[in-house]
Amino acid sequence: MEKRIAIVGAGISGLLACKYAMEKGFNPIVFEARSSIGGTFPNHNQVMEYLKSYALHFNILPQTRFSSRVISIDYFTPRSEDFPSWDLWSGTGEPFSPTGKWNITVKVTRHPLMVYEVDFVILCIGKYSDLPNIPDFPINRGPDIFDGKVIHSMDYAAMGGDLASEFIKEKRVTVVGLQKSAVDVAAEVASRNGEGHPCTLLFRRVHWLVPEHFNTVSFQNLNRFSELMVHRPSEGFFLWLLAFLLSPLVSFSLAHSRFSPKTQFWMFTKLVEIYLKWTYPLKKYNMVPEHPFLKQIVSCMSMVIPANFYDRVREGSLILKKAQSFSFCRNGLVLDGEAAVLETDIVIFATGYKSDEKLSNIFTSTFFKNCITGSSAPFYRECIHPRIPQLAILGYSESPSVLYTMEVKSMWLAHFLAGNFKLPPVKEMEDDVMKWEKCNERYAGDGYKRSCVSVLLQIHVNDQLCRDMGCNPRRKRWFLPEMFAAYGPMDYANLTWPG
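Number 171 in full-length UniProt numbering belongs to position 171 of the sequence shown; there are no gaps in the numbering.
Encoded structure:
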């Protein structure tokens, strides 16, 4: 009997999951809430054209149900009280169970709710959409008493160029946050409104902002030798010794169980900090972060500085303001430690998304909800929760290059669905993810995120996936390029495995 697979989301991860599942002979159904593919890239024409051509080339569009929002998913099995205590994932360690099924409730535009029964679910709903993170405020000190307009950066991006320009035209705009979307929105508003109506960028903590070409340099430095400098989970004595011997390139203390953000950092990142201080007027505008650059990298918080960002600051069209807290009043914002009101017409929260809550909300089961929100541990192989059967999560983990890391994970998942290997016992998977969590916390400290545990060990993670699939993890022709050449998408383009 044919096994039914449902994929929720038609972004990058959803398209990859569908393509590789089809290659294994499955006939998946893809549910996409929007009217087109693309996920979080609705306005980037080149990316959209690439994704559309990919979907057409691999015949994914016929598998996709557009304008079909998945409201909830519900797992059922004849003895549902038993599955939380299973020693093996899904009871067998295999992708499918003879009795377990998922019911997917879908809302199709202008149609009644529909319920689909499937054998396996792949969630590709992403992290950066749908459920904005807006801070809570005390009663009578929040947006409800503000005479202006309050939106999230998600709403601003959805407007498109012309509507957004009209929305902010000749308005005093305050952007809250200092991460990726915050600096982009603030720079765009400052560029459009100029000095006559300056944009205020309000933030609590300073982060390192890097030029765009740094991303290319970082990606080119992803090789096996660089990963030998990083301690990894379950490392043997030899790998531990190598990391220790390479300590001239890494400054750290062996006397502490976790790394101190103030005293332990890569020598390379120290040079980056010096370069950024020399290139940009960070001291002049009090924009020197207290944390080392390495901590920001391992927390997946590498923010690209927009072109002419500090030029906007110099000319006065962009104002930088730091405050630990603030509240609303009728005509603006009251900043902590300042007597004067920051008068503003529009407040744009660029404060991220509630990704864990978004993921949790799709489950009807309280047990599964608690599995997501009740632990900070990452997922096994960054896509399998040890306690949630017959389900995988793609696109949740972060990396320097989402495209190729998600592609290798999609290959791995397709092999698992095809029965080419089994998952280890639940306890073994839980022990593995706890080791990853502890390892990353040593570097990231309070910046730890479970979606970002492998940013310094991308090749090592792909090695694990390759071994699971039974293919050779060594992708170069001989030793020197294997150790020192950069690893990228083409290295995994022609994976071969036994049979």
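All residues carry an ideal CB built from backbone N, CA and C; glycine is no exception.
query	result
CA-to-CA distance, residue 62 to residue 431, given in whole angstroms	40 Å
Residues bridged to residue 148 [DSSP beta-bridge criterion]	DSSP, once it has assigned bridges, lists no residue as partnering residue 148.
Rounded straight-line distance, which links the Cα of residue 293 to that of residue 252	With a pLDDT of 38 at residue 252, under the threshold of 50, the modelled position of that residue is not reliable, and the figure given next carries that caveat. About 14 Å.
Residue 150 versus residue 49 - alpha carbon distance	33 Å
Bounding residues of the beta strand (DSSP E) (the contiguous stretch that carries residue 140)	No beta strand (DSSP E) contains residue 140, which DSSP labels as neither H nor E.
C-alpha distance - residue 380 paired with residue 450, whole-angstrom precision	11 Å
Assigned secondary structure, residue 158 (DSSP; H/G/I helix, E/B strand, else coil)	helix
Reference residue 488; option with closest CA among 223, 17 and 139	223
Spatial neighbours of residue 208 in its chain, beta-carbon cut-off 6 Å, leaving aside the 5 residues before and after	289, 293 and 296
Own chain residues within Cβ distance below 6 Å of residue 10, not counting five before or after	30, 32, 37 and 64
Residues that DSSP places opposite residue 343 in a beta bridge	332
Touching by the beta-carbon criterion (3+ pairs, under 8 Å), the segment 198 to 208 and the segment 181 to 190	yes
Contiguous beta strand (DSSP E) assignments of at least 3 residues, all confined to the segment 367 to 417	391 to 393
Nearest-angstrom Cα separation, counted from residue 320 out to residue 285	8 Å
Residue burial classification, residue 260 (beta-carbon count within 10 angstroms, cutoff 16)	Per-residue confidence for residue 260 stands at a pLDDT of 39, beneath the threshold of 50, marking its modelled position as unreliable; no derived number is given.
Residue 432 - containing beta strand (DSSP E), residue span	Not the beta strand (DSSP E): residue 432 falls in the alpha helix (DSSP H), residues 426 to 444.
Coarse secondary structure for residue 84, derived from DSSP in three states	helix
Sub-8 Å separation of residue 125 and residue 116 beta-carbons	no
Distance, residue 429 Cα to residue 53 Cα	37 Å
Assigned secondary structure, residue 169 (DSSP; H/G/I helix, E/B strand, else coil)	coil
Residue burial classification, residue 255 (beta-carbon count within 10 angstroms, cutoff 16)	Residue placement at residue 255 is poorly supported in this model, since its pLDDT is 31, which falls under 50; the coordinates are not used for a value here.
Secondary structure of residue 323, DSSP reduced to three states	coil
Presumed contact (8 Å Cβ cut-off) between residue 384 and residue 392, rounded CB distance	6 Å
Which residues DSSP lists as bridging residue 132, in chain order	353
Collapsed DSSP secondary structure at residue 5 in the structure displayed	strand
Per DSSP, cross-strand counterpart(s) of residue 69	107
Host alpha helix (DSSP H) of residue 245 (start-end)	237 to 245
For residue 285, three-class secondary structure by DSSP	coil
Paired residues, beta bridge with residue 303 - DSSP	209
Residue 73 Cβ short of 7 Å to the ligand ATP heavy atom set	Summarising the ligand content, the structure contains no ligands, and the ligand ATP is consequently not present.
Backbone secondary structure at residue 495 - three-state DSSP	coil
At least 3 beta-carbon pairs within less than 8 Å: the segment 348 to 358 vs the segment 317 to 337	no
Through-space distance from residue 152 to residue 164, alpha-carbon basis	13 Å
Beta-carbon separation (whole angstroms), residue 367 vs residue 73, contact threshold 8 Å	That belief does not hold up - the Cβ atoms of residue 367 and residue 73 are roughly 13 Å apart, past 8 Å.
Whole-angstrom distance between residue 20 and residue 421, CA atom to CA atom	16 Å
Distance between beta carbons of residue 241 and residue 228, contact taken as under 8 Å	Contact flag wrong, Cβ pair sits at about 10 Å.
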